[in-house]
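Each remark here refers to the structure printed beneath this line.
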Amino acid sequence: MLNISEWDFDKVEDGTHKIAGEVQLRSYGSFLEEYSSQLQGIEEALEDHISDSWDITVDPIALQFPAYEKINLLDLVETDNKILSKVLSVFAVLCSEVELLTREARVSFYDAILYYGEGESESLPEGEWQVQVARFLPKLQTLWAWVKRCSRVCQELVAQLVALYSTQYNGKPLVCASEVHFQEVLEHLGDLLVALITVDEMLRNQGTLHDHWTLFCRMLKSVHHDPVAVGIQAEKMRALEKLVGDYESSLLSGKIFQGVMQKLTCMSARCSAVADELTGFVRSAVLELETRPAELQDADHWSRWVKLSALLVMNFSLFGTVDRKVFKQLWDVNKKIPAVTLYANIVWFPEQFLLFHIPQLNKIIDKKAQQQVSAARQAFLNLKAQSLPKEVQLHSLQVCCWMVQVETALHKESTNLKLEDINNICSLLLQGVQLACGMSRLLRTLTNLHVALAKPMSRSSVVALCRLVEVLQGVRSMYHRHSVSISRSIVHVSQHLLYQALTTVTAAKKSLLQNKKYSEQHLDVLSALLVVERSMYGCTTKERRLVTRLALSMANQGRTFRDEDYILLLRTLRKLDAVCDMQSRLSAACDCSFLYWHRVVLPIYFESLYSSKTDLHRLGYMLYALRDCVRSVNNSGDNSESLKEMLETEVWDSLRKYILNPLCHDIETSLRLSVHVHLQVNERNPFSSNIPDYGPLLRVRPMRFFDKYIDIKGYVEHHLDQTFYNLTTVALHDWKTYGEMRCLAKLKNNLVTVEDNLPSQTLEQGLDVLEIMRNIHIFVSKYLYNLNNQIFVEQWSNNKHLNTINIRHIANSIRTHGTGIMNTTVNFTYQFLRKKFFTFSQFMYDEHIKSRLLKDLRYFRENKTQLEQKYSYERADKFNRGIRKLGLTPQGHSYLDQFRMLISHIGNAMGYVRMIRSGGLHCCSNAIGFVPDLEDVVNFESLCVNEGLSESCINAAKQLDHVIENLGRNFAEGTEYFKLLVNVFSGEFRKPGNSHLRNFHIIIPPLTINFVEYIIASKERLTKKNKGNAAFTDDGFAMGLAYILTLLDLQVEWDALHWFESVQTKYAKEKAALAEQKGSARGQEDEKLQQTMTLTARRLDVYQQEFELLHYSLSSARIFFQKDDVPAEVPQDKTA
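Using full-length UniProt numbering, the final residue of the sequence shown is 1136, and nothing's skipped along the way.
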C-alpha cells in the first residue's frame, strides 16, 4: 500500500497554487470594482434625499416586508404519519402551483392582452395589422400552455379531493376525513377559476384583437393554396393553420372557463362528500360576507363573489345539481353588488355569468328578477352620483384621523412597546389597508360602471373621484414614509399573533395527549397539530402559513378545539395573513393603473384644481398615481415604449394647457397691470376686489413626472425670461417696462429671472472660462497652479507645448460672457468643493488614519517639553512610510498620495476663484481706463440739463453716469469670494458631528514630506527625455492647506507644532553631521566616499530648499484667509 505521507505534493502542484491565487485575486478585484460602482450609484441617487425615509417618487431602494426562507414544502409537512404527510404535501404543492399560475397571469398576460393595439394609428399601411397578430402569436402560445396547465391543476385538485373522501383500504377509509374541511384548497381553487374568468373577459372584450385576427385568418386562407410562393413549406403552413384554429377555438372564443368546466365534467369521479364540501363552503362564505361589517371588508371582499360564483358553476359542472337555497342566497347578494372589477377596466356582472354557465337557472330566475338586478345597478349609480362628494369627504376625514393615530403610535420606541401598543399598531396598520381597499373599490366600480353602461359622469363626480385618488395615494405615502418603523413593528405584531395561535394549538395538543385511547383519527389529529406547531416555529413565510392552514384543517376533527377557540384561532391566522401580506395588499389597493383607461377625466381635474387656487401640492399625488399606469404599460409587450411616450405626451399637454400655461398667463397679466397702474385700468384694490395669490402655487416643491421633474416656479420663471427677452428684442424701447416687471416678479412672487442684456463679443485664444466651469473637476486635476505669477499650467500634453491660463484669458472671457459668469463660476466651484470635502471627511474618518493621528497627537502632547515644542520629523516620516503598507493603487499611489492630490485639487479650485476675481478686476480696469479721474467724475446728466439738451440726451447721460458709477464701484470693491467660500463651509466643518476633522493639523507634517518628495521627483523629470508627470510648480497644495486650516479654525494648533522649525533643525543636524564626517575623512583618498558625501549634501540642500519654498507658499496662501473672524455657525447653501 502506498504511503500518502511520502508523496511530494510540492512537486506535483508546482505553480498551480500561484495561478489559482492570481485568478481568484483578479475575480475578487473585479467584484470589488463592480460593488464600489454600485455603491457609488446608490450614493449619488440618495445624495439629495438622505433622510429617515427616501422620496416615494424616486425610491432607489425598496424595503420589502414579506419574510423569505429557503425551505422545501416537503420538509415542512414531514411527520411520522406518512399518509398524513402525503395528503398535506399534495395539497400544499397544488396550492403553491395555483399561486404561481395566478401570479403568472397577472404579470405575463393581463396587461399584454389589455394593451394590444393601444396607441396604434388607424392609418397604418396595409398588412401591418397582420404583422401585429403574428408578433402576438408567441404570447398566445404561452397563454394556451398556461390554460392547459390551469385545467390540469383544477382536475388534479378535484381528483385529490375525491380521493381524500372516497379512498378506502380493507373496507376502511385511508384517511379519517369525514370531518375534515379543506377550505384553503377550495379558496385556491376559486382563485385559479377567477384568473381564468379574468382572461376570458379580457379576450372577449378585446375587439381590436378580434378584428386583426379576422384579417390574419383571411391572409392565411389566401396563402393556403400556394404557400411555396411566399417561401413557406406546406408542412409548416398546415401546422400554423392548426395552431391558429386551436387558439381561436380555445382562447379567442371567450370560452376558456367553459372549456375547463367541460373537462371537469368528463372526469368519471363522482363523490357526494366533495359536493357537500363545495356547497357548504359556498354557503358559509356567503353568510360570512353578508354579515361582515363595512369596516372589515378587505380588497378581496367583492372579488370573493366571483370566486363563489365560479365554485358554484364548478359544482354544477361536476355533479349536475345546484342547491336552490344556496343559489338563492347568492342571487340575493348579487342584487347588492352592481358589478365587480376583475382587473383595470374589465367589469364582471354576476347575474350574466351565472345564467350563461347554468342555463337551468332561467327556470328559477325569471326576466322580472333579471330586470330588477339591472334596475338596482342603475339606482346604485344614481345614488352614488348624489352622495359621492359626502362619501369622499367622509373618507378624507377617516384617513386624516387614521394618519394622526399612526403618527402617534409609530412615534414610540419599538424596544419599549407594551402589549396594548402592539395591538394598537396592528389594528391601525390593518385599518389603513381596509380604508385603502374601500376607496379603491369605490373608485374602480364607479369609473368602470359608467363606461360599461355608457352613462356620462358629472363634473362634480369627476372632481370627487380624483380627490379620492389623492387621498388613496396619501395613504400609500403614509405607509412609505413610515416604512422603516412599520417593518420593525410588523416583526413584533407577527410574533405576538404567532404566540396567540401557538397558545391555542398547544392547549389543544395537551388535552389530546391526556386521552390515552389512541385511535387512527386521534393520531392523525396529533400529527397534524405537530405540523402546525413546527410551521409556526419559524418566520412567517407564505409557505409556512399555507401549511399551517392545511394542517389545521386536518386537526379540526373530533372536537379538537372548542368552537370559540377555533373561531379565535382562525381570526388570529387571518389577521396574521393580513399583516404579513400587508405590503402586497396595500400595493394592490393603491394601484391606480386603471386611470389609463379613464384618462379623459384628467383635463377636468387639472382645470378644477387650478381654478380652486388652493392645495396645488395635491397634484403630486395624482402624478404619482399615473406612474402606476407606466408600470402596467411596461408589461404590455413590444409597444410599451411608444405607449409610455404617448401617455406622457398626453398628460403633459393637459398639464400645460390647464395649469402651467394659465398660471404663466395670469402672473404675466398681473405684472403688466401692476406696472401700468398709472394708466386707466380696472381697480386693483385687494380690499375691494378679489386679487388671486399665486404664492402657494409657486411654493410647491418639484414633482416627479414620469422620468423628469416638474418645477412650477422654474417653469414660470423660464416663461417670463423667454417673454421678456423676446419682447425686448422686438421692441427695444420697452426695456424699462420689462425691467420693472422683472423687479415686481421678484418682490411679489419671489420669481428670479435672468437679466436679458446682450454682451459684446470678442475672439481670444485660450481655454474659455465657461468651458472650465463646466469641467472644473477635469481642470483642477489637469492643471497646476502657480501662486506668485497667478497662472495655471497644463500638467501634461501630447502636444509639444503646454496650455496656460492667466488673468488676461479670464478677463477676456468675462468680457465675452458678462460679469454674471463670475458668480456662476463660483457657484460651480462650490458644488465641486462639496463633493471633494465629502471624500476628505471619509478619509479623515477612516479608522486606520484616525487611530494613527490620535496616537501621534497624544505623543506630541505628552512629550512636548522633550521635543522643545516642535513636532518630531521622525514620526511624520514614519507616518508617511507606514501609510504605504495599507495598499497602493495600480498607479503606485498610496492613500496619502491620493489625499495630497485631493488637497491640491481643492487648492487649485481656490486658485481658480482667485483668478476669477482678478480677471474681473482686470476687465473693470480696462473698461474704466478712459475715465481720467475716479475721485472726481463729472456728472454728465447735470451738464446736459444745464445746457438744455433734449430729454433723450439727458436719459443717455443718466445711463452713462450709472455705468461709470458701477464700473468705479466694481473696480474699487470687488467681491470677496474667498470669504464666501469660507463662510459657507466653516459652520458645517466646525460642528461637533465633524470632530474627526479636528485632527487635520497632525496629518500636515507627513503630507508636506509626501509633497516635497513628489515635487522633487517631478522637477527631476524635467531634465529627462520622458517628461511624463513632470512639473515645476504645484502651489495648489499650499492653497488647499491654508483653506482647510481656515475652515477648521486650526491656525493656532498648526502654528503650535512649529513644523518647519523642526524641519530646519533636522536638516541642520544632518548637515552638521555630514560636515563632521567630511572633516574626519579629509585625510583619506576614498573617491566613492567623497562622491557619496557630495551627493548627500546636494540632496539635503534640495530637500531643505523645497521645504522652505513650501513654507513660503503656505505663509503666502494663509494671508488670503486672514480676514475677519469666521462665525461659528453659518447657514448652508448660501452660495448655491
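The beta-carbon is built from N, C-alpha and C at its ideal position, and this holds for glycine as well. Note that the coordinates shown come from a computational prediction; the quantities given were computed from them, not determined experimentally.
Buried or exposed, going by whether 16 or more other CB atoms sit within 10 Å of the CB of residue 20? Here residue 20 is taken as the residue at index 20 of the sequence shown, counted from 1. Flag for residue 20 reads exposed.
Rounded straight-line distance, which links the Cα of residue 441 to that of residue 634: Taking the first residue of the sequence shown as 1, we reach residue 634 at position 634. Taking the first residue of the sequence shown as 1, we reach residue 441 at position 441. Straight-line Cα distance between these residues: approximately 24 Å.
Based on the DSSP secondary-structure assignment, which residues constitute the bridge partners of residue 784? Stepping through the sequence shown from its first residue, residue 784 is reached at position 784. Bridge partners of residue 784: 793.
Take the Cβ of residue 583 as the centre, count every other Cβ of all protein chains shown within 10 Å, and call the residue buried at 16 or more, exposed below. Position 583 of the sequence shown, counted from the start, is the residue given in the question as residue 583. Under this definition residue 583 is a buried residue.
Three-way DSSP call (helix, strand, coil) for residue 703 in this model: Walking along the sequence shown from the start, residue 703 turns up at place 703. Residue 703: strand per DSSP, three-state reduction.
Of the residues 636, 644, 1032, 693, which one's Cα is nearest the Cα of residue 796? Translated into the one-based positions of the sequence shown, residue 796 becomes position 796. From the listed residues 636, 644, 1032, 693, the smallest Cα separation to residue 796 is found for 1032.
Going by DSSP, what residue range makes up the alpha helix (DSSP H) through residue 716? The residue you call residue 716 lines up with position 716 of the sequence shown. First-last of the alpha helix (DSSP H) with residue 716: 712 to 730.
Can you tell me whether DSSP reads residue 1119 as helix, strand or coil? Start at 1 with the first residue of the sequence shown, and residue 1119 comes out as number 1119. Per DSSP, reduced to three states, the secondary structure at residue 1119 is helical.
DSSP on residue 867, reduced to helix/strand/coil? Reading the sequence shown from its first residue, position 867 is the one you call residue 867. Coil, per DSSP.
Touch test, the segment 254 to 269 against the segment 219 to 226, Cβ-Cβ under 8 Å, three pairs minimum: Too few Cβ pairs lie closer than 8 Å, so no.
So for residue 53, helix, strand or coil by DSSP? Here residue 53 corresponds to residue number 53 of the sequence shown, with the count starting at 1. Any reading at residue 53 needs caution, since the residue's pLDDT is 44, under 50, leaving its predicted position unreliable; the model's value is listed next. Looking at residue 53 - three-state DSSP - the assignment turns out to be coil, as it is neither helix nor strand.
Of the residues 674, 662, 781, which one's Cα is nearest the Cα of residue 1214? Any question about residue 1214 goes unanswered here, given that the chain covers just 1 to 1136.
Using alpha carbons as the reference points, say which of 921, 661, 401, 67 lies closest to residue 716. For this step, residue 716 is matched to residue 716 along the sequence shown. For residue 716, the nearest C-alpha among the options comes from 661.
Starting from residue 430 and walking both ways along the alpha helix (DSSP H), at which residues does that stretch end? Looking up residue 430 in the sequence shown gives position 430. It spans 419 to 452 - the alpha helix (DSSP H) in which residue 430 sits, taken as one unbroken run.
Would you be able to state if there are at least three C-beta pairs under 8 Å between the segment 69 to 82 and the segment 599 to 617? no
Can you pull the DSSP bridge partners for residue 340? If you number the sequence shown from 1, residue 340 lands on position 340. Bridge partners of residue 340: 348.
Looking at residue 906: is its Cβ nearer than 7 Å to the Cβ of residue 895? Indexing the sequence shown from 1 puts residue 906 at position 906. Indexing the sequence shown from 1 puts residue 895 at position 895. Not in contact: residue 906 and residue 895 (Cβ atoms no closer than 7 Å).
contact_flag[the segment 1022 to 1041, the segment 777 to 791] where n(CB pairs < 8 Å) is 3 or more: These segments touch.
DSSP has residue 708 in a bridge; who is on the other side? As a first step, residue 708 must be located in the sequence shown, where it is residue number 708. 705.
Cβ-Cβ separation, residue 547 to residue 73 (assumed contact under 8 Å), whole Å: Numbered from 1 along the sequence shown, position 73 holds the residue referred to as residue 73. Numbered from 1 along the sequence shown, position 547 holds the residue referred to as residue 547. Yes, they are in contact, since the Cβ atoms of residue 73 and residue 547 sit about 7 Å apart, within 8 Å.
Have a look at the DSSP bridge pairing and note the partners of residue 805. For the purposes of this step, residue 805 is identified with residue 805 of the sequence shown, where counting begins at 1. Its beta-bridge partners are 792.
Over the uninterrupted alpha helix (DSSP H) stretch that includes residue 106, give me the two end residues. Residue numbering aside, residue 106 sits at position 106 when the sequence shown is read from its first letter. No alpha helix (DSSP H) holds residue 106; DSSP gives it neither H nor E.
Among the residues of its own chain, which have a CB less than 8 Å from the CB of residue 642, if the five just before and after it don't count? Locating residue 642 in the sequence shown gives position 642, counting from the first residue. Beyond the five residues adjoining it in sequence on each side, residue 642 comes within less than 8 Å, by CB distance, of 119 in the same chain, given in chain order.
In the segment 541 to 595, which residue ranges form an unbroken alpha helix (DSSP H) of at least 4 residues, counting only runs that do not cross its ends? Complete alpha helix (DSSP H) runs here, min 4: 542 to 555, 563 to 580, 582 to 589.
Selected residue, minimal CA-CA separation from residue 919, among 822, 904, 961: Translated into positions along the sequence shown, residue 919 becomes position 919. The option with the nearest alpha carbon to residue 919 is 822.
What is the rounded straight-line gap between the Cα of residue 48 and the Cα of residue 847? Position 48 of the sequence shown, counted from the first residue, corresponds to residue 48. Position 847 of the sequence shown, counted from the first residue, corresponds to residue 847. Low local confidence applies: a pLDDT of 49 at residue 48 is under 50, so the model's placement there is unreliable, with the coordinate-based value given in what follows. Counting only the Cα atoms, residue 847 lies some 27 Å from residue 48.
Would residue 232 be called buried (16 or more neighbouring beta carbons within 10 Å of its own) or exposed? In the sequence shown, counting from the first residue as 1, residue 232 sits at position 232. With fewer than 16 other Cβ atoms within 10 Å, it is exposed.
Spatial neighbours of residue 1005 within its chain, please: C-beta separation below 6 Å, excluding the five flanking residues on both sides. Position 1005 of the sequence shown, counting from 1, holds the residue named residue 1005. These residues qualify, in order along the chain: 871, 876, 1059.
Cut-off 6 Å between Cβ atoms - residues of its own chain near residue 869, not counting five sequence neighbours on either side: Here residue 869 refers to the residue found at position 869 when the sequence shown is read from its first residue. Excluding sequence neighbours, residue 869 sits near 1058.
Determine the contact status of residue 463 and residue 428, defining contact as a CB-CB distance below 7 Å. Counted from its first residue, the sequence shown places residue 463 at position 463. Counted from its first residue, the sequence shown places residue 428 at position 428. At a Cβ-Cβ threshold of 7 Å, residue 463 and residue 428 do not count as neighbours.
Give the single residue among 481, 260, 916, 24 whose Cα lies nearest to the Cα of residue 824. Start at 1 with the first residue of the sequence shown, and residue 824 comes out as number 824. When only C-alpha atoms are compared, the closest one is 916.
Quick check: what's the CA-CA separation for residue 1053 versus residue 997? As a working note, residue 1053 is residue 1053 in the sequence shown. As a working note, residue 997 is residue 997 in the sequence shown. A direct Cα-Cα distance of roughly 13 Å separates residue 1053 from residue 997.
Starting from residue 274, follow the alpha helix (DSSP H) in both directions and report where the run begins and ends. Reading the sequence shown from its first residue, position 274 is the one you call residue 274. Run containing residue 274: 272 to 291, per the alpha helix (DSSP H) assignment.
Quick one: give me the first and last residue of the alpha helix (DSSP H) that residue 645 is part of. Looking up residue 645 in the sequence shown gives position 645. Membership of residue 645 in the alpha helix (DSSP H) is indicated by the continuous run 640 to 655.
Mind the definition here: the segment 464 to 474 touches the segment 613 to 629 only if three or more C-beta pairs lie below 8 Å; say whether that holds. yes
Quick check: residue 161 and residue 274, are their CB atoms within less than 7 Å of each other? The residue you call residue 161 lines up with position 161 of the sequence shown. The residue you call residue 274 lines up with position 274 of the sequence shown. Yes, the pair counts as a contact, with Cβ atoms nearer than the cut-off.
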